[in-house]
Amino acid sequence: MIVCIDRATRLVKSQQGAGKEYVCVIRLHDKIPGGEAQFVRALETLTGALFQRPPLISAVKRQLRIRTIHESKNYEFDNERHLGVFWVSCEAGTYIRTLCVHLGLLLGVGAHMQELRRVRSGAMAEGPGMVTLHDVMDAQWVYDNNRDESYLRKVISPLESLLTGYKRIVVKDSAVNAVCYGAKLMIPGLLRYGM
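Here is the structure:
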């Protein structure tokens with residue numbers, strides 16, 4: 001989860017609308033006759049544009065909407081224990097819980113989501129750059145007590161890291177002041193763009 005501080009909170013919207021990736025544990029309500037091969041076929045069937053209705057307990061109005069599943073992969077499947085683990089790359093706003101219910105309906109045995117972990121949201125993904133809130137609190141404590149900001153700089157990423165997937169516009173120095181006061185940016189004010 002991305003936690004933004006101060007001016008970086010303005011960039012939260014850019015990440016909320018970006019694609020997401022999840023790893024999900026699904027519990028099937030019975031064995032499926034085709035085993036893992038049938039499970040993988042069902043996952044492949046549920047890719048592309050899908051109709052979804054938000055679950056009963058959700059923060060939004062329960063109206064039918066179209067969400068896109070870009071890709072999904074089976075990580076593990078155990079027919080004896082009725083469990084499957086899969087990865088899914090999807091559009092923001094996709095309900096993975098609803099996807100699990102649809103998988104169960106498609107397989108003919110019923111299913112529900114048992115566990116869910118988001119592994120990517122927009123430009124930010126799981127990896128070495130991740131920190132816990134305890135790390136942030138420790139870094140703040142070190143800064144407050146020792147006036148050493150090196151740990152704080154290691155824990156908090158610059159806001160530019162959220163914008164790596166976007167094209168850049170370099171504005172001439174002479175146009176910066178006008179743009180800051182609300183003037184429209186015209187072609188003569190550009191130095192470079194689309195890098």
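The sequence shown begins at 1 in UniProt numbering and counts up by one.
Where a beta carbon is used, it is the ideal one built from N, C-alpha and C, also for glycine.
Own chain residues within Cβ distance below 6 Å of S89, not counting five before or after: E21, H70, E71
Would you report the Cα separation of N74 and P33, rounded to the nearest angstrom? 17 Å
Which residue or residues does DSSP assign as beta-bridge partners of F77? G84
Under the rule that 16 or more other beta-carbon atoms within 10 Å means buried, what is C4, buried or exposed? exposed
Does DSSP put Q15 in a helix, in a strand, or in coil? helix
Do you know offhand how far K154's Cα is from D148's? 11 Å
Chain-order list of residues whose beta-carbon lies under 7 Å from that of M113 (same chain, five-residue window excluded): C24, I26, I96, R97, C100
What does a CB cutoff of less than 6 Å around V60 pick up in its chain, not counting 5 residues either side in sequence? Taken in chain order, the residues that qualify are P54.
For E160, does the three-state DSSP call read helix, strand or coil? helix
For G194 and Q15, I'd like the C-alpha separation in whole angstroms. 20 Å
Proximity of L105 and F39 at Cβ, strictly below 9 Å: no
Alpha carbon to alpha carbon, how far is T9 from Y143? Give it in angstroms, no decimals. 22 Å
CB-CB length for G129 against S157, believed under 8 Å: Rounded to whole angstroms, the Cβ separation of G129 and S157 is 6 Å, and the two are in contact under 8 Å.
Can you tell me which residues form a DSSP beta bridge with Y22? V88, R118
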